[in-house]
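Peer 1: Structure in structure tokens, see below.
Protein chains: 2
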Amino acid sequence: MGRKRTKSGKIRLAEVAELAGVSPITASRFFRNPEALSVAKRTRVESAAKELGYVPNLAARALASQRTEVIGVLIPSLTNNVFSDVLRGIYDASEGSRYSIQLSNTRYSILQEEKLLRLFLAQKPAGLIVTGIDQTAESRAMLQAADCPIVQIMEIGPDPVDMMIGFSHYDAARAAIAHLFEQGHRKVGFVGARMDPRVQRRLDGYVSAMKDAGSFDQRLVVTTATPTSVTLGGALFTDLLAREPDMDAVFCANDDLALGVLFECRRREIAVPGQIAIVGFNDLEFMASAVPTLTSVRTNRYEMGKTAATMLINAIEGRRPEQPVLDLGFKVIERQSSSARRSDSRPAVSGAAAANKMIALPSSHD
Amino acid sequence: MGRKRTKSGKIRLAEVAELAGVSPITASRFFRNPEALSVAKRTRVESAAKELGYVPNLAARALASQRTEVIGVLIPSLTNNVFSDVLRGIYDASEGSRYSIQLSNTRYSILQEEKLLRLFLAQKPAGLIVTGIDQTAESRAMLQAADCPIVQIMEIGPDPVDMMIGFSHYDAARAAIAHLFEQGHRKVGFVGARMDPRVQRRLDGYVSAMKDAGSFDQRLVVTTATPTSVTLGGALFTDLLAREPDMDAVFCANDDLALGVLFECRRREIAVPGQIAIVGFNDLEFMASAVPTLTSVRTNRYEMGKTAATMLINAIEGRRPEQPVLDLGFKVIERQSSSARRSDSRPAVSGAAAANKMIALPSSHD
DNA sequence: AGGAACGTTGACAGCGCTACCAGCAACGAC
DNA sequence: GTCGTTGCTGGTAGCGCTGTCAACGTTCCT
Numbered sequence: 001m002g003r004k005r006t007k008s009g010k011i012r013l014a015e016v017a018e019l020a021g022v023s024p025i026t027a028s029r030f031f032r033n034p035e036a037l038s039v040a041k042r043t044r045v046e047s048a049a050k051e052l053g054y055v056p057n058l059a060a061r062a063l064a065s066q067r068t069e070v071i072g073v074l075i076p077s078l079t080n081n082v083f084s085d086v087l088r089g090i091y092d093a094s095e096g097s098r099y100s101i102q103l104s105n106t107r108y109s110i111l112q113e114e115k116l117l118r119l120f121l122a123q124k125p126a127g128l129i130v131t132g133i134d135q136t137a138e139s140r141a142m143l144q145a146a147d148c149p150i151v152q153i154m155e156i157g158p159d160p161v162d163m164m165i166g167f168s169h170y171d172a173a174r175a176a177i178a179h180l181f182e183q184g185h186r187k188v189g190f191v192g193a194r195m196d197p198r199v200q201r202r203l204d205g206y207v208s209a210m211k212d213a214g215s216f217d218q219r220l221v222v223t224t225a226t227p228t229s230v231t232l233g234g235a236l237f238t239d240l241l242a243r244e245p246d247m248d249a250v251f252c253a254n255d256d257l258a259l260g261v262l263f264e265c266r267r268r269e270i271a272v273p274g275q276i277a278i279v280g281f282n283d284l285e286f287m288a289s290a291v292p293t294l295t296s297v298r299t300n301r302y303e304m305g306k307t308a309a310t311m312l313i314n315a316i317e318g319r320r321p322e323q324p325v326l327d328l329g330f331k332v333i334e335r336q337s338s339s340a341r342r343s344d345s346r347p348a349v350s351g352a353a354a355a356n357k358m359i360a361l362p363s364s365h366d
Numbered sequence: 001m002g003r004k005r006t007k008s009g010k011i012r013l014a015e016v017a018e019l020a021g022v023s024p025i026t027a028s029r030f031f032r033n034p035e036a037l038s039v040a041k042r043t044r045v046e047s048a049a050k051e052l053g054y055v056p057n058l059a060a061r062a063l064a065s066q067r068t069e070v071i072g073v074l075i076p077s078l079t080n081n082v083f084s085d086v087l088r089g090i091y092d093a094s095e096g097s098r099y100s101i102q103l104s105n106t107r108y109s110i111l112q113e114e115k116l117l118r119l120f121l122a123q124k125p126a127g128l129i130v131t132g133i134d135q136t137a138e139s140r141a142m143l144q145a146a147d148c149p150i151v152q153i154m155e156i157g158p159d160p161v162d163m164m165i166g167f168s169h170y171d172a173a174r175a176a177i178a179h180l181f182e183q184g185h186r187k188v189g190f191v192g193a194r195m196d197p198r199v200q201r202r203l204d205g206y207v208s209a210m211k212d213a214g215s216f217d218q219r220l221v222v223t224t225a226t227p228t229s230v231t232l233g234g235a236l237f238t239d240l241l242a243r244e245p246d247m248d249a250v251f252c253a254n255d256d257l258a259l260g261v262l263f264e265c266r267r268r269e270i271a272v273p274g275q276i277a278i279v280g281f282n283d284l285e286f287m288a289s290a291v292p293t294l295t296s297v298r299t300n301r302y303e304m305g306k307t308a309a310t311m312l313i314n315a316i317e318g319r320r321p322e323q324p325v326l327d328l329g330f331k332v333i334e335r336q337s338s339s340a341r342r343s344d345s346r347p348a349v350s351g352a353a354a355a356n357k358m359i360a361l362p363s364s365h366d
């Protein structure tokens, strides 16, 4: 009679159905919507599947149902600590769900992102997580037209494609500068690398805060398109110092740069924070154990990833969030590297405390 | 007459074939083995596909061909810098190929690994990359039985399941200790965290080198199962110092710990390398710009990932490597933190120079 | 009692592609 | 001229699953 097994010896749904004494379609329903079955059949199918060690064939399912159970994730870098934390959150949230993660690296290129997006969309993903809010017009059009939920992560801005979760890099930078002013620092330099859109917005925040205080000077800003590194932090700081020897603080666009600045100060025997205060961005783990401990702006990267994936999965399954845009905030973590310069410290940038917003979430490390 | 388009408006192979004036099967062949077509048909299909913007339906292909074009990758951690470098190599190598990467995180649990392996294998991956050589018996049996190429990465050992690419953590640790002895250090402590199999083998290498020199003392070893961090490095070093105040060097199982030790030394005003020498492991980027610069054992992580994926893809396509086991070696990068203690330095551990092996490969950073 | 409404189940017909094998032309060997 | 042999092409028949819709039994309402 008919074959009982697929060529490869794999168990098919039909075998499970036969053992359970139901039709294949009923068995199929068990895996997709168990509540639709009577309790009796449900248990029968369940034990039959377990007995045979049945594993659904995802390709067949995808072909028949015209959709996949794949969540596409587009991030700019695999190396950057920031993204590995986000990714960990995404993977953690997807675990236990039926969805699997398909990851691609845009290498900070929106053209590459557009290409990958086209590829992803052609396979009808269940949902999509994309980084940032600066897509090409073409990408944006594809995202708008996509018939799956989409979450933009890492920052927040006007008109989300669908959902959005992140924080304001602009406000975060302003808060960092406000903190430095509160501590009595006035001539604050900016060191930035890679200059992706988020770093650019941190620079914008720095510029606006400095202008508010009447202290802005283009010569205080050193940036490069080169990928960030600790060594680069030292090199950029060296440039800055040559230009502005009487600078009294540096705001670094990320913690690697900050660590490089710290090392460079040590090399040059510049006292931190005595002569130069340092503030980083992201609050990576090492910032708290450096000597001196380094002030940084803490961001909820793991939570961002985890929440993004959770929201996305909920949306895929029809449970859309009340609020499509979620601001996870940030917090200036004040440490030794930026402590008070003099006693007459008074805020020169307004709204410092108010800009310091952070939703309480448990931090989790691998 | 029949439908010209799929419901979703997507272009199918049939449309391409029709436009090209060939049968669907010929069009299909074009995408899998263009050489099998006559030049005339090949160009006809090619331009038809381009004109229609055809994208193959991977689910249908997988269902019909009974195999997927997915490479499964199992790694223990998404956060660890070491794995992000390896991953970058894997993704870089897969780019441009027809294969996509399916990543899963075992969280350093071989039981979790076994579970994921079962899941992966059920979907018939084109190939598999697994971390390390310590699988459960069950996992090993599944891997042996799998009908796809497999690469084990991160270390090398006896009986590979299939292919293997990595280096000897044992030898690398021995080389690090040998270097310290050459520089005149004698009482060398060991600081390790997480204690996964590879860290354990580094410890074994340390122990054997210390025993060879007649200097081994269990009290010089401090380890913990806790995940690694910079802060932890400082804490473990503090323990070690309390136990053995006259220790003159520390070998750290990774660079984060080494950085923590450096900061702790600074905090306690212990001169490095004057009073304590420090050697790390992995040679992360910051090691070269710390003050003092930190000695470390360089490993070819990016190349390991890239080569593993390349070998795997070649094997999938029938081009098996002459050598299934590839040793990528390591190199002790000597820096200030371990420079000579006295002038009468002489090797106390043999084979120091010989153990220092490294295949010349271009290092690439993101 | 009749019928609407609901919950549960099954039959059928593909999803878009490729494995398999057959067919056909062109060519050379005998 | 016959018979392979090779190179290319096409027809047929699924791959394993699910969408759709119809059918059934039961309950509840009027």
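From first to last, the protein sequence lines stand for chains S and F. Residues in the first sequence are numbered consecutively from 1, following our numbering. Residues in the second sequence are numbered consecutively from 1, following our numbering. From the three backbone atoms N, C-alpha and C, an ideal C-beta is built for every residue, glycine too.
(1) State the DSSP-derived secondary structure class of S/D246, mapped to helix, strand or coil.
(2) Using the C-alpha atoms, what's the distance from F/M311 back to F/D147?
(3) Please name the residue, chosen from S/Q336, S/A122, S/T26, S/G166, that lies closest to S/L262 on a Cα-to-Cα basis.
(4) Got a sec? Which residues, its chain only, sit under 8 Å from S/I110 by beta carbon, not counting five neighbours each side?
(5) Can you find a C-beta in chain S that's less than 8 Å from the C-beta of F/R266?
(6) Across which residues does DSSP place F/K305 in a beta bridge pair?
(7) Determine the chain S residues that contact F/Y91 at a beta-carbon separation under 9 Å, and present them in chain order.
(8) Under 7 Å Cβ-Cβ, which residues of chain F neighbour S/E285?
(9) What residues of chain S sit near F/D196, judged by a beta carbon separation below 8 Å?
(10) Please list the partners that F/Q123 has in chain S, where partner means a Cβ-to-Cβ separation under 7 Å.
(11) Report all residues from its chain with a CB closer than 6 Å to the CB of S/N105; omit the five preceding and five following residues, and keep chain order.
(12) Beta strand (DSSP E) containing S/I150: first to last residue?
(13) Less than 7 Å separating the Cβ of F/L294 from some heavy atom of the ligand SAM?
(14) Out of S/L143, S/M163, S/G157, S/D159, state which residue places its alpha-carbon closest to the alpha-carbon of S/V151.
(15) How should S/P158 be labelled, buried or exposed, when 16 other C-beta atoms within 10 angstroms of its C-beta is the threshold for buried?
(16) Please state the DSSP three-state secondary structure of S/F167.
(17) Report yes if the C-beta distance between F/R127 and F/P149 is below 8 Å; otherwise report no.
(18) Put S/A277 into one of helix, strand or coil per three-state DSSP.
(19) Mind reading off the beta-carbon distance from F/H169 to F/R194? Whole number of angstroms is fine, and I expect it under 8 Å.
(20) So, is the C-beta of S/A27 closer than 8 Å to a C-beta in chain F?
(21) Ignoring anything shorter than 3 residues, give me the beta strand (DSSP E) runs that lie fully in the segment 33–75 of chain F, in order along the chain.
(22) If you measure from the beta carbon of F/F281 to each beta carbon in chain S, is any gap under 8 Å?
(23) Taking the alpha-carbon positions, what's the S/I83 to S/I75 distance?
(24) Let's test the definition: count the other Cβ atoms within 10 Å of the Cβ of F/A309 and tell me whether it reaches 16, buried, or not, exposed.
(25) Just to confirm, are S/M247 and S/G189 a CB contact at a threshold of 8 Å?
(26) Near S/E114, what residues of its chain come up, given a Cβ to Cβ distance below 6 Å and the 5 sequence neighbours on each side ignored?
(27) DSSP three-state label for S/Q323, please.
(28) Which residue marks the beginning of the alpha helix (DSSP H) containing F/L262, and which one marks its end?
(29) What is the rounded straight-line gap between the Cα of S/V222 and the Cα of S/T299?
(30) DSSP puts S/G127 in a beta bridge; with which residues?
(31) Considering only residues of the same chain and omitting the five flanking positions on each side of F/T226, which have a CB-CB separation below 8 Å?
(32) What is the residue span of the alpha helix (DSSP H) that S/F190 lies within?
(33) Mind checking if F/R88 is an interface residue toward chain S, Cβ cutoff 8 Å exclusive?
(34) Excluding the 5 residues flanking F/D196 on each side, which residues of the same chain have their C-beta closer than 6 Å to its C-beta?
(35) Note down, in chain order, all residues in the segment 322–333 of chain F with a beta-carbon under 9 Å from any beta-carbon belonging to chain S.
(36) Should S/T299 be flagged as near chain F, meaning a C-beta pair shorter than 8 Å?
Peer 2: Based on what the coordinates show:
(1) As a working mapping, residue 246 of chain S is identified with position 246 in the first sequence. Coil at S/D246, not helix or strand.
(2) Here residue 147 of chain F corresponds to residue number 147 of the second sequence, with the count starting at 1. Here residue 311 of chain F corresponds to residue number 311 of the second sequence, with the count starting at 1. In a straight line, the C-alpha of F/D147 is about 16 Å away from that of F/M311.
(3) In the first sequence, the residue the question calls residue 262 of chain S occupies position 262. Here the closest residue by C-alpha is S/Q336.
(4) The count along the first sequence starts at 1 and reaches residue 110 of chain S at position 110. Result list for S/I110: D134, Q135, T136, S139, in chain order.
(5) Within the second sequence, residue 266 of chain F is the residue found at index 266, counting from 1. True, the Cβ-Cβ gap to chain S drops below 8 Å.
(6) Taking the second sequence and counting its residues from 1, the one referred to as residue 305 of chain F is at position 305. Reading off the sequence shown, one finds Gly at residue 305 of chain F, where the question assumed Lys. Paired residue(s): none; F/G305 is not in a bridge.
(7) Indexing the second sequence from 1 puts residue 91 of chain F at position 91. Correct list: L78, L103, S104, N105.
(8) In the first sequence, counting from the first residue as 1, residue 285 of chain S sits at position 285. Within 7 Å Cβ-Cβ: S229, V230, T231.
(9) As a position in the second sequence, residue 196 of chain F is number 196, starting the count at 1. By Cβ distance, chain S contributes nothing, its closest Cβ being about 12 Å from F/D196, past 8 Å.
(10) Here residue 123 of chain F corresponds to residue number 123 of the second sequence, with the count starting at 1. Per Cβ cutoff of 7 Å: L58.
(11) Counting from one through the first sequence, the residue named residue 105 of chain S turns up at place 105. Correct list, in chain order: L78.
(12) Translated into positions along the first sequence, residue 150 of chain S becomes position 150. Taken as a continuous stretch (DSSP letters only), the beta strand (DSSP E) holding S/I150 covers 150–153.
(13) Here there are no bound small molecules, and the ligand SAM is not part of this structure.
(14) The residue labelled residue 151 of chain S in the question sits at position 151 within the first sequence. Of the listed residues, the one whose Cα sits closest to S/V151 is S/M163.
(15) Mapped onto the first sequence, residue 158 of chain S falls at position 158. Its Cβ having fewer than 16 others within 10 Å, S/P158 is exposed.
(16) As a first step, residue 167 of chain S is located in the first sequence; it is residue number 167 there, counting from the start. Of the three classes helix, strand and coil, the one that applies to S/F167 here is coil, per DSSP.
(17) Reading the second sequence from its first residue, position 127 is the one you call residue 127 of chain F. Reading the second sequence from its first residue, position 149 is the one you call residue 149 of chain F. At residue 127 of chain F the sequence reads Gly, which differs from the Arg that was named. In this structure, F/P149 lies closer than 8 Å to F/G127 by Cβ.
(18) Here residue 277 of chain S corresponds to residue number 277 of the first sequence, with the count starting at 1. If DSSP states are grouped into helix, strand and coil, S/A277 belongs with the strands.
(19) On the second sequence, residue 169 of chain F is found 169 positions in, with the first residue counted as 1. On the second sequence, residue 194 of chain F is found 194 positions in, with the first residue counted as 1. Contact flag wrong, Cβ pair sits at about 13 Å.
(20) Here residue 27 of chain S corresponds to residue number 27 of the first sequence, with the count starting at 1. No, because no Cβ of chain F sits closer than 8 Å to the Cβ of S/A27.
(21) 70–75
(22) Numbered from 1 along the second sequence, position 281 holds the residue referred to as residue 281 of chain F. False, the Cβ-Cβ gap to chain S never drops below 8 Å.
(23) Stepping through the first sequence from its first residue, residue 83 of chain S is reached at position 83. Stepping through the first sequence from its first residue, residue 75 of chain S is reached at position 75. According to the sequence provided, residue 83 of chain S is Phe. The question's Ile does not apply to it. Spanning the two alpha carbons is a distance of roughly 7 Å.
(24) Residue 309 of chain F sits at position 309 when you count from the first residue of the second sequence. By the neighbour-count rule (16 or more Cβ atoms within 10 Å), F/A309 is buried.
(25) Here the question's residue 247 of chain S lines up with position 247 in the first sequence. Here the question's residue 189 of chain S lines up with position 189 in the first sequence. The answer is yes: Cβ separation under 8 Å.
(26) Here residue 114 of chain S refers to the residue found at position 114 when the first sequence is read from its first residue. Correct list, in chain order: T136, E138, S139.
(27) As a first step, residue 323 of chain S is located in the first sequence; it is residue number 323 there, counting from the start. Residue state for S/Q323 is assigned as coil, using DSSP reduced to three classes.
(28) In the second sequence, the residue the question calls residue 262 of chain F occupies position 262. Start and end: 255–268.
(29) The residue you call residue 222 of chain S lines up with position 222 of the first sequence. The residue you call residue 299 of chain S lines up with position 299 of the first sequence. Here the C-alpha atom of S/V222 lies approximately 23 Å from the C-alpha atom of S/T299.
(30) Within the first sequence, numbered from 1, the residue matching residue 127 of chain S stands at position 127. Beta-bridge pairing links S/G127 to S/I71.
(31) Start at 1 with the first residue of the second sequence, and residue 226 of chain F comes out as number 226. Excluding positions up to five away in sequence, the list reads A193, R194, L232.
(32) Stepping through the first sequence from its first residue, residue 190 of chain S is reached at position 190. No alpha helix (DSSP H) holds S/F190; the beta strand (DSSP E) holding it covers 188–192.
(33) Walking along the second sequence from the start, residue 88 of chain F turns up at place 88. True, the Cβ-Cβ gap to chain S drops below 8 Å.
(34) Position 196 of the second sequence, counted from the first residue, corresponds to residue 196 of chain F. Excluding positions up to five away in sequence, the list reads Y108.
(35) none
(36) Mapped onto the first sequence, residue 299 of chain S falls at position 299. So no, S/T299 is outside the interface.
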